[in-house]
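Visitor: Can you keep this structure in mind? I'll have questions shortly.
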Amino acid sequence: MYYLKAFFNSFKIDWLQKQKNEGKKAANYIILFVLLFSAIYAGYFANRIPEELTKVRDEVFLQVPDFGADMVGGQLTVTDLEQPFVFESEAGEEPFKLVVDTVNTTTASIEDVMKDESVSTVLITKTQVSIHDASVGKTTIQQFSDFPDISSSKQELLAWSNDFLSKKTTFFVFLLIAWFVIFTMSRVVYSLLLSLIVFVVAHFAKREEWKFGQIYTVSLFAVTAPTIIGSFVALAGVHVPYLYTVLTLGLLLVVVFYKKQGIGDDKGMVEEDKK
13 MYYLKAFFNS
23 FKIDWLQKQK
33 NEGKKAANYI
43 ILFVLLFSAI
53 YAGYFANRIP
63 EELTKVRDEV
73 FLQVPDFGAD
83 MVGGQLTVTD
93 LEQPFVFESE
103 AGEEPFKLVV
113 DTVNTTTASI
123 EDVMKDESVS
133 TVLITKTQVS
143 IHDASVGKTT
153 IQQFSDFPDI
163 SSSKQELLAW
173 SNDFLSKKTT
183 FFVFLLIAWF
193 VIFTMSRVVY
203 SLLLSLIVFV
213 VAHFAKREEW
223 KFGQIYTVSL
233 FAVTAPTIIG
243 SFVALAGVHV
253 PYLYTVLTLG
263 LLLVVVFYKK
273 QGIGDDKGMV
283 EEDKK
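Using this note's numbering, count along the sequence shown one by one with no gaps and you end on 287.
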């Protein structure tokens, strides 16, 4: 019951101030909070990702004839497919481009076929696959020499993808672990840095009644509102740089510097100086 009340009270400045010595409760709360949000995100994306991947796969396969693919000794051979094969899609939130060229004797680079870095691009050649993720501006290259010898076809790939994309439970478990790690780093570990900044500011402002550990304890409760606000903004498709950082820092500074008359320090608040 305490942790449910803590969730709703974490928006209140005076309540946050009173929690500065509740280190154990703060640790339990942040674990439950991170687990809850990880499950929500995992559930959302476990339903969305397979649907989006299925749309892309179906769109690609409609334009691809039956083909055969053999990987032997780290070299890929694709038959019954006119190459270079180029597929481009403007559907969805991000444009996508796929290029298959396993017959060119000179290995092309993804920069040669990408042209526009804002387009997510996949280039498959005889010896490697290059993937450019436009959302993060990163390109990765995987050599086929790391793969075992395999043979496949369009129908086999279609059957495999149907089986893979139908396993939403697998997606959920994987995403749950991934989001738990992400939220732990961005909420628990990152809060150490934000608390240190607030502690330094408080020290120079002569608010020495606040110790670093107390500020960090409060921060584990205070991440609630910025996380919820940031999540709704992100789901709305709006990108606001440093939104979470600004909101969390601002809230912690308000908690540390806010004074309310008639409440003592032993209750986590500083009594207003009498003039």
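For each residue, glycine too, the CB sits at the ideal point set by N, CA and C.
How is the alpha helix (DSSP H) around G35 delimited, first residue to last?
Guide: G35 to L74
Visitor: Rounded to whole angstroms, how far is the Cβ of A361 from the Cβ of T137, which I believe are closer than 8 Å?
Guide: A query on residue 361 cannot be resolved here, the shown segment of the chain reaching from 13 to 287 and no further.
Visitor: With a threshold of 6 Å on Cβ separation, who are the neighbours of F108 within its own chain once the five nearest residues in sequence on each side are excluded?
Guide: If you ignore the 5 residues before and after F108, its C-beta comes within less than 6 Å of the C-beta of S101 and S132, all in its own chain and listed in chain order.
Visitor: Please report the distance separating the alpha-carbon of F19 from that of K37.
Guide: 12 Å
Visitor: Specify, as a first and last residue, the run of the alpha helix (DSSP H) that H215 falls within.
Guide: Counting along the chain, the alpha helix (DSSP H) containing H215 begins and ends at Y202 to F216.
Visitor: If you compare alpha carbons, which of V245, Y256, Y14 and F233 is closest to Q29?
Guide: F233
Visitor: Which of the three DSSP states, helix, strand or coil, is assigned to M126?
Guide: Three-state DSSP puts M126 in a helix.
Visitor: Taking the straight line between their C-alpha atoms, what separation do you get for G276 and V235?
Guide: The predicted position of G276 is uncertain, since its pLDDT is 45 and thus under 50; a value taken from the coordinates is nonetheless stated next. Computed Cα separation, rounded: 25 Å.
Visitor: In whole angstroms, what is the alpha-carbon distance linking F176 and V125?
Guide: 29 Å
Visitor: So what's V245 in DSSP terms, helix, strand or just coil?
Guide: helix
Visitor: If contacts are defined as beta-carbon pairs under 8 Å, then Q87 and T139 qualify, I think. What distance do you get, rounded to the angstrom?
Guide: 6 Å
Visitor: Which word fits E284, buried or exposed, when buried means at least 16 other C-beta atoms lie within 10 angstroms of its C-beta?
Guide: Because the pLDDT of E284 is 39, which lies under 50, any placement of that residue in the model is unreliable, and the number read from its coordinates should be weighed accordingly. Result: exposed.
Visitor: In terms of residue numbering, what span does the beta strand (DSSP E) encompassing S163 cover?
Guide: I162 to S165 is the extent of the beta strand (DSSP E) around S163.
Visitor: Do A190 and the ligand MN come close, with the Cβ less than 8 Å from some heavy atom?
Guide: The model depicted lacks the ligand MN and carries no ligand whatsoever.
Visitor: With which residues is E100 paired in a DSSP beta bridge?
Guide: Paired residues: K109.
Visitor: Can you tell me whether DSSP reads T139 as helix, strand or coil?
Guide: If DSSP states are grouped into helix, strand and coil, T139 belongs with coil.
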